[in-house]
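Participant: Below is the structure I would like to discuss, written out as structure tokens.
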Amino acid sequence: MKIAKLLLVTLTIFVSIAIYYLSMTFDSEKQSTNSYKYSLLSDPFLQLPTETSVNVVWFTEFKGDFHVVKYGEQLTRKAIANTTKLSRVREDQDSQLDQPPTKSFRDIWRHEAIVKGLKPNRRVSYKVESIEDQQVISSDVFTLSSLPTAETPLKILLTSDHQLMPMTAANLSQVVKTVGQVDAVFFPGDLVNVPDRASEWFDDRRGGAFFPSLQGRANYKLERNGVTTTYHGGEIIQHAPLFTAIGNHEVMGKISPESTLKEEFSQPHPRCVAQAFYQSNVTQVNPTKDAQIETDWIKNNSFNTDTYEEIFSLPQSDAGGKRYYATTFGDIRLISLFVTNIWRSPKLEADAQGRYKESDENINNPQAWGYGQHIFESIAQGSNQYQWLTQELQSEAYQQAKYKIVMLHHPPHTLGGNIVPPYTDPQPKLDYTEEGEVKSRYYDYPIENDYIIRDLIPLLESAGVQLVYYGHSHLWNRFQSDSGMHFLESSNVGNSYGAHVGDNKREIPTYSRKNYVAIGDPNGLSPIMPNIAPLNADSGELLPYIASNDITVFSIFDTATGTVSSYRYDTRVQDDPAILFDQFKLKEN
Ligand SMILES: [Fe+2]
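Following this line, the structure appears as structure tokens:
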């Protein structure tokens, strides 16, 4: 009997232990399912360095309970993040997702922690952690640093117009392979295509979204001559702060429930037009005359840069906020301007609405007009931005800087297509029928009123700016003015529209040869031949530009020597390294 009792107790203990271990296994399986469920939507990236701090930013698709940066030698120091939700990001049926939804908002949270107490020129390890549902979701370990001091040798990546273009990931992987870790990224606009489409920033299924490409997490398959290569981009902005300027692709247009996201992007109205529509509809749209409703209505019926401003923490100016600013980074004084206009088609057919005309169909419907290639923020003499710039150029920080660089999206000098028409307010030209009704509405852009050439460049020249850096035309070319100021466009990451030289004429109206220039730089400078290894045309002649959908280009500014080096990488010859093809030195102050 005693033996039977002992056996029963032993069996009970054995069964209890078995149940305990089984339940442990089940729990850990449950946990591993959960850890599969949650992940960060982006790696962290660096923003807004000061002398003793830098901001770390990352994104998740859950709000989370707690978000923190852990840093220092043993990652024991902590900076708690502030969390906000992106207010305008959406997806629609055109989104490159496995199951694109109908147009709807997407829930994305942004976490930002200020890592303080840093010493200049000292790199520190860090990682981020987001906690959701009692799980800790961690990033890998990266490095951060505060602002470099003057005379610190720096390598700055000059890149632009990524827009998820086919060669972007290949380009950025070559940056890291060629020069290693850079110290900062200067990016003059067109980061994505449609700024309110979340997947273009984070997880476009083709693998080349904005953040993955600049964080070495892209998965972009590029096919060349039957060989497919997967490029991962470069692990760059986890370690180096990103400074941007607004391009036309950072601006969303009129909000409309009937429009796709791309249509919303393509349909901005000038603010003054939205204000006039508001005044004529005020009794319906804002009967209580609420000031906030008025502001929101005018913004939603013209254009906004809200998503761009919500994603990035940038230096700010009193006049322009994040939209235009100046900052000191080591020996560089960087001025980032908001100089861009809406891109519209050059077509002239009766049913075309574009940069030069409204369509005949909409001629009596001003709400449906495009208003030509209108400018989003004025840089004309006397404008807020111009006045702010004038003051900035007189500031001590600017005057003292060894290198003075201005970054803007729209090209002052280029062989590309997008420099035409001139950068000025479209002037409407109306034709009438015999009955006095409007028959056609064309737009003219007098070249003598080009605000970049007439107002901006003389101001920069007189203040001794050494480099004007821009994008927009998807090619590489450079110029130099008589005073020695350099102009560089380095935006060849795919989808190049070519250089307009020889027989490759721009698509222009014939009614003004003066205003609309078919070939060359309309503003009178000759492109400078790359001085190390220019490409050859099929005919054998050397080319003073790179406008290629096979060969991609990036440029590096080295503050130790004051030189800008440009490299080209041929995606058809995957194993070959990037080739240094041009190098120029900034004029001494
Ligand atoms: Fe652009």
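Take 679 as the starting number for the sequence shown in our numbering and just add one per residue.
Backbone N, C-alpha and C fix where the C-beta goes; we use that ideal spot for every residue, glycine too.
Just so you know, these numbers come straight off a predicted model, no measurement behind them.
1) Is THR703 buried or exposed, if buried means 16 or more other CB atoms sit within 10 Å of its CB?
2) Whole angstroms is fine: what's the gap from GLU707's alpha carbon to ILE809's?
3) Would you kindly report the start and end of the unbroken alpha helix (DSSP H) that includes TRP879?
4) Return helix, strand or coil for ARG1191, following the three-state DSSP convention.
5) List in chain order: all unbroken alpha helix (DSSP H) runs of 4+ residues lying wholly within the region 1146-1173.
6) Report back the beta-carbon spacing between ASP868 and ASN926 to the nearest angstrom; my notes put them in contact at under 8 Å.
7) In three-state DSSP terms, what is ALA923?
8) Under 9 Å, do LEU1264 and SER1244 count as touching if we go by C-beta distance?
9) Enumerate in chain order the residues of its own chain whose CB-to-CB distance from HIS1178 is below 8 Å, with the five nearest sequence positions on each side excluded.
10) Using the beta-carbon of each residue, find all residues closer than 7 Å to any heavy atom of ligand 2 and list them in chain order.
11) From GLU1266 to LYS1082, what does the alpha carbon distance come to, in whole angstroms?
12) Which value, in whole angstroms, describes the spacing of the CA atoms of ASP1254 and TYR1189?
13) Rounding to the nearest angstrom, what Cα-Cα distance links VAL825 and ASN760 in this structure?
14) If you reduce the DSSP assignment to three classes, tell me which class GLN1261 lands in.
15) Under the three-state reduction of DSSP, which class applies to ALA954: helix, strand or coil?
16) Pick from ILE1135, PHE1165 and HIS745: whose alpha carbon is nearest that of PHE1157?
17) Pairs of beta-carbons, one from the region 872-892 and one from the region 1111-1127, closer than 8 Å: are there three or more?
18) List the residues that DSSP assigns as beta-bridge partners of LYS899.
19) In chain order, what residues of the same chain lie with their CB nearer than 6 Å to the CB of ARG766, ignoring the 5 residues before and after it?
20) By the DSSP assignment, the alpha helix (DSSP H) with GLN1069 in it spans what residues?
21) Figure out for me which residue from SER937, PHE921, PHE943 and THR922 has the closest Cα to the Cα of MET930.
22) Determine whether the beta carbon atoms of SER817 and VAL1171 lie at a separation below 9 Å.
23) With burial defined as no fewer than 16 other Cβ atoms inside 10 Å of the residue's Cβ, what is the status of ASP1160: buried or exposed?
24) Measure the alpha-carbon distance for ASP770 versus ASP1029 and round it to whole angstroms.
Facilitator: The relevant details are as follows:
1) Below a pLDDT of 50, predicted positions are generally treated as unreliable, and THR703, at 41, falls in that range; the measurement from the model is reported next regardless. Exposed, since its Cβ has fewer than 16 Cβ neighbours within 10 Å.
2) Confidence at GLU707 is low in this model, with a pLDDT of 39, below 50, so the placement of that residue should be treated as unreliable; the coordinate-derived value is given next. Between GLU707 and ILE809, the alpha-carbon positions lie close to 19 Å from each other.
3) Secondary structure note for TRP879: its alpha helix (DSSP H) is the uninterrupted segment 876-879.
4) In the three-state DSSP reduction, ARG1191 falls in the coil class, being neither helix nor strand.
5) Taking only runs of at least 4 residues, no alpha helix (DSSP H) segment lies wholly in the region 1146-1173.
6) 7 Å between Cβ atoms; contact.
7) Reduced to three states, the DSSP call for ALA923 is coil.
8) No. Outside cutoff.
9) Excluding positions up to five away in sequence, the list reads LEU1093, GLY1094, GLY1095, ARG1184, ALA1196, ILE1197 and GLY1198.
10) With respect to small molecules bound, the structure shown includes ligand 1 and not ligand 2.
11) Going from the Cα of GLU1266 to the Cα of LYS1082 covers about 10 Å.
12) As the crow flies, the alpha-carbon of ASP1254 is around 48 Å from that of TYR1189.
13) The residue asked about is misnamed: residue 825 is Leu in this sequence, not Val. Rounded to whole angstroms, LEU825 to ASN760 spans 22 Å at the Cα level.
14) Reduced to three states, the DSSP call for GLN1261 is strand.
15) In this structure, ALA954 counts as helix in the three-state DSSP scheme.
16) The shortest Cα separation from PHE1157 among ILE1135, PHE1165 and HIS745 belongs to PHE1165.
17) Counting Cβ pairs under 8 Å, fewer than three are found: no touch.
18) Beta-bridge pairing links LYS899 to THR908.
19) Cβ within range, chain order: ASP874, ASP984 and THR985.
20) It spans 1062-1072 - the alpha helix (DSSP H) in which GLN1069 sits, taken as one unbroken run.
21) When each option's Cα is compared against that of MET930, the closest is PHE943.
22) No, these two residues do not count as a Cβ contact at 9 Å.
23) A residue is called buried once 16 or more other Cβ atoms fall within 10 Å of its Cβ, and ASP1160, having fewer, is exposed.
24) Near 27 Å, if we compare the C-alpha coordinates of ASP1029 and ASP770.
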